[in-house]
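See below for the structure under consideration.
In this note's numbering, the protein residues as written are 116 to 267.
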């Protein structure tokens, strides 16, 4: 096989790996793809030195280390990590829900359902199951609610 052919194969392999990474992020082949792509380009520029010389391993390492650092930097800029979406108790204030286990001012075992999540709840008055409520206060995973006022 001719040295330039090997360089072209490496470039094609690098581009294919980059396309795979772009279509399915998180595959983590962007770094090796970048290294293979750059080594393939060097293989086209200086094929004898790149593939058939005693300095070939040193060239590969000299290319791989900086390209890895650059790839990691670019990957972090292009795909910053997303913070997980969680419901914080304070974000529930003012939201409506329904009582699924009776609420009693003297007991903290009451439960309400807000959107699709169940929350431990209490109220200043007894509230029966099935009542519509609105969150007035939140502490940790426990919410304080009141009955939703009837529309007139």
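Positions of the beta carbon are idealized from the N, C-alpha and C atoms, including for glycine.
Boundaries of the beta strand (DSSP E) harbouring residue 225: 225-229, taken from the DSSP string. Between the stretch 170-190 and the stretch 150-157, the count of C-beta pairs closer than 8 Å reaches three or more; the two stretches touch. Close CB contacts of residue 219 within its chain, under the 7 Å cut and outside five residues either way in sequence, are with 225, 241 (chain order).
Membership of residue 233 in the beta strand (DSSP E) is indicated by the continuous run 232-238.
The beta carbon of residue 132 sits closer than 6 Å to the beta carbons of 144, 148 from its chain, once the five residues preceding and following it are set aside; these are given in chain order. Residue 218 has 242 as its beta-bridge partners, per DSSP. Cβ contact annotation for residue 171 (same chain, cutoff 8 Å, sequence separation greater than five): 164, 165, in chain order.
With 16 or more other Cβ atoms from the protein chains shown falling within 10 Å of its own Cβ, residue 258 counts as buried. Around the C-beta of residue 233, fewer than 16 other C-beta atoms lie within 10 Å, and the residue is accordingly described as exposed.
Distance from the CA of residue 251 to the CA of residue 189, rounded to the nearest whole angstrom, comes to 45 Å.
Of the residues 146, 261, 174, 118, the one whose Cα lies closest to the Cα of residue 214 is 261.
Looking only at 229, 207, 222, 157, the smallest Cα-Cα distance to residue 177 is reached by 157. Assigned with DSSP and collapsed to three states, residue 264 falls in coil, not helix or strand.
Judged by their CB atoms, residue 138 and residue 207 are not nearer to each other than the 9 Å cut-off. Membership of residue 248 in the beta strand (DSSP E) is indicated by the continuous run 247-254. Across the structure, residue 167 and residue 141 are spaced so that their CA atoms are roughly 35 Å apart.
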